[in-house]
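Quick note: the sequence shown uses the working numbering, first residue 93, plus one each step. So the structure is just underneath, and the comments pick up after that.
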Amino acid sequence: MNPLQAARASERFRPGTVGLRRLALASIVANIGIVVTGGAVRLTGSGLGCPTWPRCHEDSFVPTGELGLHEQIEFGNRLLTYVLGAVALATLIGVWRSRPARTDLRRLAVVLFVGIPAQAVIGGISVLTDLNPWVVMGHLLVSMVLIGLATVLYRRIGEGDEPPVRVVAPRVQQLALGLLALTAVVLYLGTIVTGSGPHAGDVDAPRTGLDTHLFSMIHADTVLALVLGTVALNVLLVRTAAPRELIVAARVMLGVQLAQGLLGYVQYFTDLPEVLVGLHMLGAGCLVVATVRVVLAMRVRGTVSLPRPESEGAAVVSA
């Protein structure tokens with residue numbers, strides 16, 4: 093494609109509501125995907141497969157074969173960052189070119205795009221510090237924030253810009269916000285348990301030195317509180333005749349929590365098998381999506397005003 097053709101293709105890329113939501117959904121999936129692949133790096137002991145950054149080796153940006161499969165796994169995860177960056181860039185361009193212009197969507201898209209290189213730098217620091225557990229924990233938590241923001245973007249694309257109007261009683265909304273905060277605590281405690289346990293990413297990687305059993309118990313108790321709070325939320329939603337969409341979203345959130353809790357208990361009592369730990373990380377990303385979705389469904393903001401061009405389908409494919 094010559095520059096003129098590329099320019100014309102760019103001009104045609106002006107997605108409507110459906111196209112933008114597909115891009116936002118791709119951003120959610122890609123951010124969860126990078127969490128899972130990052131977990132695979134750690135669970136296979138490949139965290140230092142490329143022992144330096146931004147190069148893979150001191151004299152090479154690509155694997156040299158010195159460290160075998162570990163090297164390929166770590167380098168493959170680094171390459172996936174470019175895929176995530178491409179999705180974030182496409183989302184940013186799509187939001188920026190959509191009409192009418194919406195400032196909040198642009199801000200969210202910019203943060204999501206900037207978050208990719210920021211995550212790459214944090215990942216590089218973790219390598220340069222020989223997988224310092226606190227840096228690795230921060231790396232995961234930032235990904236969770238990006239997943240949450242991508243979920244917000246997806247929701248906001250499908251609704252208008254009118255002042256938010258609650259569809260539930262204030263106490264119900266406050267409970268949902270409390271559960272969102274408690275979910276953040278659960279995720280943070282989960283990273284502490286991981287940072288003090290096995291699967292450090294490399295046999296020589298440091299650990300936090302904290303009591304793994306103690307923090308596992310604290311983490312489990314917090315998860316139990318989260319589940320009980322979500323059960324209470326579901327009961328309140330049914331009793332107050334909340335919108336069907338919100339009731340379904342709350343049930344999905346509870347289902348994800350229960351699945352995560354079961355995985356957590358099973359992996360703890362089976363000495364943390366890699367497959368279950370990987371599924372638990374996937375579940376953490378899904379938990380963020382489910383929880384943010386419930387909070388956002390507590391209010392409405394009118395109908396979306398973005399156009400839906402006839403060429404939208406082609407525009408999405410070209411993205």
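For glycine and all other residues, C-beta sits at the position ideal for the given N, C-alpha and C.
- In this model, Ala122 and Val203 are separated by some 15 Å (Cα to Cα).
- Around Gly289, the same chain offers Thr304, Leu364 as residues with beta carbons nearer than 7 Å, after the five sequence neighbours per side are excluded.
- Asn224 is the residue among Val392, Gly301, Leu281, Asn224 whose C-alpha sits nearest the C-alpha of Arg134.
- Residue Leu117 holds the alpha-carbon nearest to the alpha-carbon of Leu245 among Leu117, Met390, Val387.
- Residue environment analysis places Pro192 among the exposed positions, since fewer than 16 neighbouring C-beta atoms fall within 10 angstroms of its C-beta.
- Between the alpha carbons of Ala261 and Gly108 lies a distance of about 33 Å.
- Asn123: member of the alpha helix (DSSP H) spanning 109 to 135, first to last residue.
- Of the residues assessed, Ala333 falls on the exposed side of the cut-off, its CB having fewer than 16 other CB atoms within 10 angstroms.
- Cα atoms of Gly252 and Val340: separation of roughly 22 Å, rounded to the nearest angstrom.
- The secondary-structure analysis by DSSP pairs Arg391 across a beta bridge with Arg258.
- In terms of CA proximity to Ala201, Ala180 leads the group Val213, Ala180, Leu176, Leu220.
- Using a 10 angstroms sphere on the CB of Leu325, the tally of other CB atoms reaches 16 or more, which defines it as buried.
- When the beta-carbon positions are compared, Val319 and Gln349 come within less than 8 Å of each other.
- Beta-bridge partners assigned by DSSP to His149: Ser152.
- When rounded, the separation of the alpha-carbon atoms in Leu197 and Thr243 is 12 Å.
- The beta carbon of Arg194 sits closer than 7 Å to the beta carbons of Asp253 from its chain, once the five residues preceding and following it are set aside; these are given in chain order.
- Within the same chain, Asp222, Leu223, Asn224, Pro225, Ala292 come within 8 Å of Pro298 by CB-CB distance, once the 5 residues on both sides are set aside.
- Taking all protein chains in view, the Cβ of Glu158 is surrounded by fewer than 16 other Cβ atoms within 10 Å, so the residue is classified as exposed.
- Per DSSP, Pro365 lies in no alpha helix (DSSP H) and is assigned neither H nor E.
- For Thr129, the closest of Glu337, Ala382, Gly370, Ala376 by C-alpha to C-alpha distance is Gly370.
- Fully enclosed beta strand (DSSP E) runs of no fewer than 3 residues are not present anywhere in the stretch 216 to 283.
- Annotated three-state conformation of Pro192 is coil, per DSSP.
- Taking the C-beta atoms as reference points, Thr314 is found nearer than 8 Å to Leu281.
- According to the DSSP assignment, Ser308 belongs to the alpha helix (DSSP H) that extends over 304 to 331.
- Ranked by how close their Cα comes to the Cα of Met373, the residues Val175, Thr183, Thr283 have Thr283 in first place.
- Rounded to whole angstroms, the gap between the alpha carbons of Gly207 and Gly160 is 31 Å.
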